[in-house]
Amino acid sequence: MLSPRALESRSAAGLAAEIARLVTDGTLGPGERLPTVRQMAADLGLSTGTVAAAWRALAQAGVVTSRGRSGTFVRSERREWLSPRVRGMSSSERAMPPTPTPSGLGGRGAHGIRLDLSLGTPDPAMLPSIERALSRARPRADTGRYHDLPVLPELHDVLAEDWPVRTVEALTVVDGALDGISRTVEQVVRFGDRVAVESPGFPYIFDLVDATGGVVIPLASDADGILPASLARVLAQRPSTLVLQTRAQNPTGVSMSAERARRLADVLLTVPGGRAVTVIEDDHSALIATAPAVTLARWIPAQVVHVRGFSKSHGPDLRIAALGGPAHIVERIVRRRMLGPGWTSRLLQSVLLELLTDPRSIAPVRTARLIYRDRLDRMAAALRRLGIDMGAPDGINLWLPVRDERAALVYLAAEGIAVAAGGPFLADASAQQRVRVTAGSVTENVRLVADALARAASAPPLS
3 MLSPRALESR
13 SAAGLAAEIA
23 RLVTDGTLGP
33 GERLPTVRQM
43 AADLGLSTGT
53 VAAAWRALAQ
63 AGVVTSRGRS
73 GTFVRSERRE
83 WLSPRVRGMS
93 SSERAMPPTP
103 TPSGLGGRGA
113 HGIRLDLSLG
123 TPDPAMLPSI
133 ERALSRARPR
143 ADTGRYHDLP
153 VLPELHDVLA
163 EDWPVRTVEA
173 LTVVDGALDG
183 ISRTVEQVVR
193 FGDRVAVESP
203 GFPYIFDLVD
213 ATGGVVIPLA
223 SDADGILPAS
233 LARVLAQRPS
243 TLVLQTRAQN
253 PTGVSMSAER
263 ARRLADVLLT
273 VPGGRAVTVI
283 EDDHSALIAT
293 APAVTLARWI
303 PAQVVHVRGF
313 SKSHGPDLRI
323 AALGGPAHIV
333 ERIVRRRMLG
343 PGWTSRLLQS
353 VLLELLTDPR
363 SIAPVRTARL
373 IYRDRLDRMA
383 AALRRLGIDM
393 GAPDGINLWL
403 PVRDERAALV
413 YLAAEGIAVA
423 AGGPFLADAS
433 AQQRVRVTAG
443 SVTENVRLVA
453 DALARAASAP
463 PLS
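Numbered according to my numbering, the sequence shown spans residues 3 to 465.
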């Protein structure tokens with residue numbers, strides 16, 4: 003059934019993932035008996051403990067079932083598979099140092115930090131006031147019902163009108179962009195599936211794939227987004243899913259061009275296996291990014307789920323995002339949510355509707371977009387004068403190249419500046435070390451901050 007060379011990893015997780023793939027592609031059919039633990043261990047040159055652990059993982063994930071002395075069999079019924087490898091701590095939590103909490107930009111906060119550029123969150127001063135939206139939403143919202151449409155019809159129409167494609171087959175509202183990505187991943191990624199992701203990319207996306215039992219396959223990118231050649235190579239590994247950020251990519255600040263989106267769609271249409279890939283697009287910074295909206299759904303609508311977040315533009319605590327795409331996926335997400343939260347609060351939906359339609363709420367968001375653009379441009383220009391070319395990042399983050407990541411973090415901390423370590427944003431080893439800088443939070447002293455960043459970038463490794 004398997005040869006030792008077929009295993010990408012000789013760990014229990016690697017063996018479990020390979021068996022799950024054989025089930026998914028039909029090589030192992032429903033009801034088929036797996037070899038005994040002792041037999042498989044002998045065939046692959048593994049310990050019986052490793053094989054037994056893999057069999058337990060598959061059983062916990064619902065891929066196989068044990069019938070005692072009769073043996074272990076592929077489950078006859080199909081069901082959603084959950085990963086037994088849910089980690090107690092995310093990769094970002096393990097790899098990132100604790101984030102200091104500043105008392106303010108004027109005075110020193112915890113650990114002496116005066117300026118916290120590590121968070122990747124919007125400037126609170128740039129968020130629109132929701133006081134007026136709340137007062138206007140109260141008469142509209144009906145909080146006394148359970149059974150009603152999961153999306154307010156008026157909000158649905160506003161979202162659909164501004165969607166990046168003219169027609170979206172199905173559209174719903176979820177509790178933030180990451181919630182939308184998570185729920186889509188749970189529907190389309192099964193235990194053992196390969197999932198193509200950007201590297202560098204958002205650490206929690208890597209963790210979501212891991213938690214679902216998927217295997218992360220990194221993709222290379224440039225200033226326009228994912229490289230088509232990299233995607234074509236990865237398709238040879240038959241991924242089930244591609245997860246990408248369309249604008250203001252976290253951590254790089256790259257916004258994908260329309261031409262790059264077209265080329266990626268063309269790869270998915272022409273390279274064997276590409277038509278079977280579900281694309282999940284994360285547009286988390288939609289209304290504060292200056293680049294135009296873009297989606298692969300313009301060319302391959304039946305394959306694309308697009309998630310538009312409003313946390314960066316309207317406030318993280320609103321916990322609201324829109325999700326649209328093929329009906330057969332979106333409707334499964336809606337049905338699954340009925341077994342949990344049911345729907346996103348219609349009161350919050352009413353607030354968002356007011357924020358998206360009231361001119362007095364629209365204007366501050368448009369102004370914030372221009373201010374963020376100016377802040378990043380000024381910081382990039384200041385660094386360019388110091389010999390560090392940052393390109394033209396979008397959104398709120400810069401991806402700063404450094405000689406040594408740990409030395410840069412320590413040097414900046416001594417200067418009273420916190421930035422995010424670059425390691426957690428990488429799904430694979432990278433020759434270039436980086437740190438993420440939330441430059442959208444720099445409101446003054448741009449030259450002084452740039453000087454400190456440049457000195458930290460050249461800091462030698464700590465002995």
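Cβ atoms here follow ideal geometry from the backbone N, Cα and C, with glycine treated the same way.
Proximal residues to residue i (C-beta, below 6 Å), its chain only, five neighbours per side dropped
i           : result
residue 216 : 191, 195 and 197
residue 263 : 296 and 298
residue 36  : 74
residue 329 : 171 and 172
residue 382 : 392
residue 311 : 179, 286 and 323
residue 397 : 250, 255, 287 and 291
residue 108 : Only weak support exists for where residue 108 lies, its pLDDT of 44 falling under 50; the coordinates are left without a value.
residue 157 : 351 and 355
residue 414 : 421 and 458
Sheet register partners of residue i (DSSP bridge)
i           : result
residue 435 : 404
residue 419 : 117
residue 427 : None; residue 427 has no bridge partner.
residue 199 : 220 and 245
residue 323 : 176 and 311
residue 66  : 76
residue 35  : 75
residue 306 : 281
Close-in-space but distant-in-sequence residues of the same chain around residue i (CB under 8 Å, 5 per side omitted)
i           : result
residue 187 : 197, 210, 211, 214, 216, 243, 245 and 282
residue 208 : 93, 199, 218 and 429
residue 254 : 202, 223, 395, 399 and 401
residue 269 : 230, 233, 234, 237 and 276
residue 52  : 12, 13, 14, 17 and 43
residue 341 : none
residue 9   : 16, 17, 20 and 46
residue 69  : 75
CB contact flag (residue i, residue j, <8 Å)
i           : j           : result
residue 427 : residue 205 : yes
residue 448 : residue 419 : no
residue 441 : residue 390 : no
residue 462 : residue 376 : no
residue 57  : residue 76  : no
residue 315 : residue 367 : yes
residue 122 : residue 438 : yes
residue 371 : residue 292 : yes
residue 403 : residue 459 : yes
residue 351 : residue 176 : no
residue 325 : residue 309 : yes
residue 408 : residue 320 : no
residue 128 : residue 373 : yes
residue 25  : residue 174 : no
residue 67  : residue 61  : yes
residue 380 : residue 167 : no
residue 302 : residue 267 : yes
Nearest neighbour of residue i, chosen from the options [CA to CA]
i           : options               : result
residue 119 : 411, 463 and 430      : 411
residue 181 : 313, 271, 39 and 156  : 313
residue 65  : 38, 53, 33 and 50     : 33
residue 358 : 347, 161 and 42       : 161
residue 184 : 386, 360, 338 and 23  : 338
residue 304 : 12, 68, 4 and 169     : 169
residue 348 : 159, 150 and 124      : 150
residue 189 : 71, 241, 445 and 335  : 335
residue 278 : 252, 307 and 241      : 241
residue 31  : 67, 78 and 340        : 78
residue 317 : 135, 41 and 266       : 135
residue 147 : 346, 385, 386 and 360 : 346
residue 259 : 422, 226, 61 and 369  : 226
residue 41  : 139, 19, 416 and 4    : 4
residue 164 : 274, 55, 422 and 294  : 294
residue 369 : 344, 130, 388 and 302 : 130
residue 284 : 327, 414 and 261      : 327
residue 423 : 302, 252, 362 and 387 : 252
residue 445 : 378, 387, 413 and 228 : 378
residue 247 : 274, 307 and 239      : 307
residue 138 : 388, 126, 280 and 353 : 353
residue 360 : 126, 125 and 132      : 132
Nonlocal neighbours in the same chain, by C-beta distance under 7 Å from residue i, ignoring five residues either side
i           : result
residue 236 : 198, 219 and 221
residue 23  : 194
residue 80  : For residue 80, the predicted structure reports a pLDDT of 46, less than 50, and the residue's modelled location is therefore unreliable. The matter cannot be settled from this model.
residue 96  : Model confidence at residue 96 stands at a pLDDT of 39, short of 50, so the residue's coordinates are unreliable; what they give is reported in the following sentence. Around residue 96: no qualifying Cβ.
Chain B within 8 Å of residue i, Cβ atoms only
i           : result
residue 296 : Absent from the structure: chain B. Only one protein chain is present.
> Curious, which full-length beta strand (DSSP E) runs of at least 3 residues does the stretch 214-290 contain?
Replying inline: As far as the stretch 214-290 is concerned, its whole beta strand (DSSP E) runs of at least 3 residues are 217-221, 243-247 and 280-285.
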